[in-house]
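Notes to accompany the following structure.
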Amino acid sequence: MHAYFARRLLQSIVVCLGVSIIAFGLMHLGGDPALLLLPVDASKEDVEVMRKSLSLDRPIYEQYWRFLKGAVKGDFGNSLFVEQDSLSLVIERLPATLELTVAGMALALTIAIPLGILSAIKRYSILDNLATMGAVFGQAMPIFWLGIMLIIIFSVHARLLPASGRGGVLRLVLPAITLGVFLAPVIMRLTRSKMLDVLAQDYIRTAYSKGLHDLLILFKHALRNAIIPVVAIIGLQFGRLLGGALVVETVFAWPGVASLTVKAIKNCDYPLVQAAIISFALMIVIVNLLTDILIAALDPRIKYT
Amino acid sequence: MKQKCNISVLFAFGIFVIVTIFLFGGTAGAKTVSKGKVVIAIGTNLATMDPHRHSVMYNYYVNWATNDNLVYRDPKTMKIGPHLAESWRLINDTTWEFKLRKGVTFHNGNPFNAECVKFTIDRILDPKTKSALRGAIKTIDHVEIVDDYTVRIITKEPNPVLLHRFTSLGIVDPKHLKEVGDEGLAKKAMGTGPYKFVEWVKGERLVLEANENYWKFTPAVKTIVFRPIPEMATQIAELLSGGVDIIMRVPPDQASVIENSKTARISKVSGLRVVFLQLDASGWAGSTLLQNRKVRQAFNYAINVEGIMKHILGGMALRCPTGVNPMSFGYDGTIKPYPYDPEKAKKLLAEAGYPDGFTIDLSSYSGSIISVKQIVEAISGDLAKIGVKVNYRHFEDAGLFVKSQRAAKLKDTVLSSWGSWGIFDADLYYYPNLREDERFSYVRDPKVNKLLDEAKTTMDVEKRKKLYSELQEYIVENAYMVPMYAQYSLMGVSNRINYEAASDDMLRVFDIIWRE
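Residue numbers (my numbering), protein chains in the order written: chain A, 517 to 821; chain B, 544 to 1059.
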């Protein structure tokens, strides 16, 4: 077990290194931060002065090496546009993104899992058909469109909820629903199909014939087995969750990490992009690790060696 | 019982009102008091509170509120007037003397004086500051302090637009900067302006409060909140639901939604930004048929600019026959634009030796040009009528576009726009777009260079005007571009307040007043 985690940790370092090299290389294919920092009519000389003061005139490998030396110590350098340490800029925004993603995920789970179970038990019933239809609808709906529709209905017309921004529970409602609807369909459909698989197993029939209580069978025998692939998918979906968070953050002017990162990419703010991308990579690695642990806890047959 | 309760409340309230009027009524008329809160939506996050370390329009809205400038551009006439500088005169062509206002203090109580002006300019000029404004004032050689309230600014060569540059330098307090350092100034604004910094939650809100001791007036609005809202649909929803009071850069096709609402309205004005089609007249980005003057003239006849203004922009544009904005200094209204005449265009192409037409590249980018893709489609359609096929390349990323253009990688034609930084002067637009070796210029013409250089350093107003007239005539005659139009800027304004859009695209939050 320990050897396994040590190996995984080592792998994650390689992953972060790879991600940073790719990000660094791709960023340098795009625009030039010196040009974006200066007014458009800046002269060649102005640009050279700016490039020099940002050390952009050095060869790329040298810039990367300088970045790497700092990054190992947790120092990603100051953002090119804001006089502040890049990592602290990312960390500043992290609570907002966590608040949003946790709320969205919680909402998705509370809708999707019970609905998935019910649909499996009452297969082909009206409820099942409605739920499946809803899931297809939810999956097909572009997330930004849903967000804007919710704003128009609940903020502009009904005037029940604020349209955007962060602060207080009320402002969290619409973004969380939007993100929840984005995540729920996959989880609901997977729960339903896995439950159907498990409910058709011999040991479930045996449990019924032993005369065990329906609910006990459902939760202890069926759900515990069916939920394992669902947990795995939720872990794998973490990247998608961040992608969804980006759209939701943009539509609802939610001050999170995802929108900060996209802005940084547009600005070619190299240090900030690096700090954000490495943080994302680390988060994804950690979530995947946690998922593995959770799966092992749910299914004692799974052992990591 | 309920009825009775209401009446007694009403009664108590009535007494309260009467007593209040009695007690405070006498003083209310004497001095205006700032009150209430106005929320402003901006399209991107604010980068910094340091007025010298960015080149973002939204950021200037804040700078103008917190940090006064030497001079001030009037929102109606766009003329430069006194501000922290009470008066100025030219001692010779390269020496300006400014008399400064006395008795002005920074929000921390430190006095404003000549040292602050010198320090501010020196700070911008120092490459270590990495100031985005450095290029704008690098013509300044040095600043001399004559006495506490007089400074002389000596330029390397005569500079007729220097005064315009002083509308946005953001005077800072040297003592304060010494205490808090560059990083401190980036986090917290400190100036002499009509609004004081209160709080900045990054990505969420910036809060300013009226400076009741402001030397010029007392702002009507007590609290100003800036909120970054990247998505325009969300900004409009916020405006309509009363969450924000002002939104900027409303796309014309969305204007009717706001106009038809009961909560907000549109304020529109002809802006300074001009849109034009650049033609590679010199083969800067690779040899091209556009090096032939007849071909360039044919393009000018072929493109129906007025049609674009009418049908795509709904009339919300101002024709610029020479490219120069009609509101700018130097504009010559006697020069007529090329009329829309596809037959003439075809004839010119035939004369040039291309009766069957050819294919050209056209590049554009997302950002400052309203309805850019429809406009490119219209241009392509017009060119197709004279047999010219367009190979279209669009950049979603403005950064990559700018980088490519500066590296001479955009061939033939580019649909460009130019904002001139709120400076209403032909130099700011013509020089970077026409002068040989300038970063965006496709023109290599000694006569153009000579006229541009001369106009750039001529202090005599009438002589300068003549030079620009000659230049505009020459540009149009040689068809060095397809001049198009100036865009309107539209903003959405809540019905709670009175505020009108200004041609320089600036938002003067201190001019917002309550609607009674």
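All C-beta atoms in this analysis are idealised placements derived from N, C-alpha and C, irrespective of residue type, glycine included.
Only a predicted model underlies this, so the values are computations on that prediction, with no experimental measurement involved.
Going by CA-CA distance only, name the one from the options that's closest to residue i.
i: L536 of chain A; options: A:D548, A:R574, A:F592; result: In the sequence as displayed, the identity of residue 536 of chain A is Ser instead of Leu. Of A:D548, A:R574, A:F592, the residue nearest in Cα terms is A:F592.
i: T694 of chain A; options: A:R708, A:K736, A:M665; result: A:M665
i: G751 of chain A; options: A:K710, A:D713, A:V801; result: A:V801
i: G924 of chain B; options: B:A1045, B:I809, B:N847, B:E747; result: B:N847
i: H854 of chain B; options: B:I922, B:G746, B:A1022; result: B:I922
i: N843 of chain B; options: B:T682, B:G814, B:A888; result: B:A888
i: G746 of chain B; options: B:K811, B:T587, B:V1019, B:I779; result: B:T587
i: Q655 of chain A; options: A:C784, A:A774, A:G760, A:A679; result: A:G760
i: D996 of chain B; options: B:T609, B:F983, B:E979; result: B:E979
i: Y908 of chain B; options: B:M870, B:K879, B:E894, B:S947; result: B:S947
i: V767 of chain A; options: B:A798, B:E774, B:S810; result: B:E774
i: L856 of chain B; options: B:S1032, B:S871, B:P869; result: B:S1032
i: V986 of chain B; options: B:S830, B:A860, B:E1043; result: B:S830
i: G965 of chain B; options: B:D684, B:P703, B:S871; result: B:S871
i: R644 of chain B; options: B:D690, B:P795, B:L815; result: B:D690
i: A622 of chain A; options: A:G696, A:V747, A:F597, A:I576; result: A:G696
i: P618 of chain B; options: B:V764, B:Y973, B:I809, B:M1049; result: B:M1049
i: A590 of chain B; options: A:L525, A:R582, A:S602, A:V531; result: A:S602
i: P694 of chain B; options: B:L720, B:T663, B:H719; result: Rather than Pro, the amino acid found at residue 694 of chain B in this sequence is Val. Closest option to V694 of chain B, Cα to Cα, is B:T663.
i: R982 of chain B; options: B:Y973, B:P989, B:K990; result: B:Y973
i: T617 of chain A; options: A:R817, A:N804, A:E765; result: A:E765
i: R792 of chain B; options: B:K721, B:K811, B:D593; result: B:K811
i: K736 of chain A; options: A:L545, A:G755, A:L715; result: A:L715
i: V706 of chain B; options: B:V686, B:W639, B:S784, B:L720; result: Residue 706 of chain B is actually Leu in this sequence, not Val. Measuring from the Cα of L706 of chain B, the nearest candidate turns out to be B:W639.
i: N702 of chain B; options: B:I680, B:D955, B:K916, B:T777; result: B:I680
i: A666 of chain B; options: B:Q1015, B:A776, B:P594, B:N1041; result: The residue you asked about is not Ala; residue 666 of chain B is Arg in the sequence shown. The option with the nearest alpha carbon to R666 of chain B is B:P594.
i: D1054 of chain B; options: B:L1010, B:D669, B:K765; result: B:K765
i: F655 of chain B; options: B:D611, B:S784, B:Y1011, B:K1009; result: B:D611
i: N741 of chain A; options: A:L814, A:I781, A:A651; result: A:L814
i: V599 of chain B; options: B:Q917, B:V581, B:A675, B:A729; result: B:A675
i: V531 of chain A; options: A:K819, A:L805, A:L798, A:I818; result: A:L798
i: L820 of chain B; options: B:E742, B:G858, B:Q1015, B:W961; result: B:W961
How many whole angstroms separate the CB atoms of residue i and residue j, which I take to be in contact at a CB cut-off of 8 Å?
i: Y472 of chain A; j: P549 of chain A; result: This structure leaves residue 472 of chain A out entirely; chain A is present only between 517 and 821.
i: T682 of chain B; j: T672 of chain B; result: Not quite, the Cβ-Cβ distance comes to about 17 Å (not below 8 Å), so this is no contact.
i: F521 of chain A; j: Y580 of chain A; result: That belief does not hold up - the Cβ atoms of F521 of chain A and Y580 of chain A are roughly 29 Å apart, past 8 Å.
i: A1091 of chain B; j: C863 of chain B; result: A question about residue 1091 of chain B goes unanswered here, because the residues of chain B that appear run from 544 up to 1059.
i: V1036 of chain B; j: I789 of chain B; result: 6 Å
i: C784 of chain A; j: G942 of chain B; result: 6 Å
i: I811 of chain A; j: I749 of chain A; result: 11 Å between Cβ atoms; not a contact.
i: A723 of chain A; j: G620 of chain A; result: That belief does not hold up - the Cβ atoms of A723 of chain A and G620 of chain A are roughly 35 Å apart, past 8 Å.
i: L782 of chain B; j: I801 of chain B; result: 7 Å
i: Y603 of chain B; j: I585 of chain B; result: Going by Cβ atoms, the distance from Y603 of chain B to I585 of chain B rounds to 11 Å, so no, they are not a contact pair.
i: V957 of chain B; j: S906 of chain B; result: 5 Å
Can you tell me which residues form a DSSP beta bridge with residue i?
i: G1035 of chain B; result: B:I790, B:I809
i: D562 of chain A; result: Partner(s): none; D562 of chain A has no beta bridge.
i: A624 of chain B; result: The sequence given here places Gly at residue 624 of chain B; Ala does not occur at that position. Beta-bridge pairing links G624 of chain B to B:Y615.
i: Q753 of chain A; result: According to DSSP, which records beta bridges pairwise, Q753 of chain A is partnered with nothing at all.
i: N602 of chain B; result: The partner list for N602 of chain B (beta bridge, DSSP) is empty, contrary to what the question assumes.
i: S630 of chain B; result: B:K642
Subject >> the region 929 to 945 of chain B / the region 890 to 907 of chain B touching (three or more Cβ pairs under 8 Å) >> reply: yes
Original post:
Is the region 633 to 641 of chain A touching the region 680 to 688 of chain A in the sense that three or more CB pairs, one from each, lie closer than 8 Å?
Top reply: no
**OP:** Can you give me, in chain order, the residues of the region 781 to 813 of chain A that have a beta carbon less than 7 Å from any beta carbon in chain B?
**Re:** K782, C784
Original post:
So does the region 1021 to 1035 of chain B actually touch the region 824 to 839 of chain B, counting three or more Cβ pairs closer than 8 Å?
Top reply: yes
Subject >> Cβ pair count under 8 Å reaching 3, the region 621 to 631 of chain A against the region 700 to 707 of chain A >> reply: yes
Subject >> Chain-ordered residues of the region 551 to 566 of chain A with a beta carbon less than 9 Å from chain B >> reply: L551, L552, L553, L554, P555, V556, D557, A558, S559, K560, E561, D562, V563, V565, M566
**OP:** Pair every Cβ in the region 575 to 590 of chain B with every Cβ in the region 712 to 722 of chain B, then say whether three or more of these pairs are closer than 8 Å.
**Re:** no
Subject >> Touch test, the region 704 to 713 of chain B against the region 608 to 624 of chain B, Cβ-Cβ under 8 Å, three pairs minimum >> reply: yes
Original post:
Should the region 642 to 656 of chain B be regarded as contacting the region 985 to 999 of chain B, the criterion being three or more beta carbon pairs within less than 8 Å?
Top reply: no
Subject >> the region 632 to 640 of chain B touching the region 733 to 753 of chain B, judged by at least three CB pairs closer than 8 Å >> reply: no
Subject >> Three CB pairs or more closer than 8 Å across the region 749 to 769 of chain B and the region 771 to 780 of chain A >> reply: no
Original post:
Going along the region 1008 to 1041 of chain B in order, which residues come within less than 8 Å of chain A, judged by CB to CB distance?
Top reply: none
Original post:
When the Cβ atoms of the region 808 to 820 of chain B are set against those of the region 959 to 974 of chain B, are three or more pairs found closer than 8 Å?
Top reply: yes
**OP:** Could you please tell me which residues of the region 676 to 710 of chain A, in chain order, have their CB closer than 7 Å to any CB of chain B?
**Re:** P678, A679, S680, G681, R682
Subject >> Near-chain B residues of the region 742 to 771 of chain A (beta-carbon distance less than 9 Å), N- to C-terminal order >> reply: E765, T766, V767, F768, A769, W770, P771
**OP:** Using a Cβ-Cβ cut-off of less than 7 Å, give me the residues of the region 772 to 786 of chain B that come near chain A, in sequence order.
**Re:** I772, P773, E774, A776, T777, A780, E781, L783, S784, G786
**OP:** Taking only beta carbons into account, state which residues of the region 690 to 724 of chain B come closer than 8 Å to chain A, listed in chain order.
**Re:** none
Original post:
Going along the chain, which residues of the region 957 to 983 of chain B sit with their C-beta nearer than 7 Å to a C-beta in chain A?
Top reply: W964, P975, R982
Subject >> Residues from the region 578 to 602 of chain A in contact with chain B, defined by Cβ distance under 8 Å >> reply: F597, V598, E599, Q600
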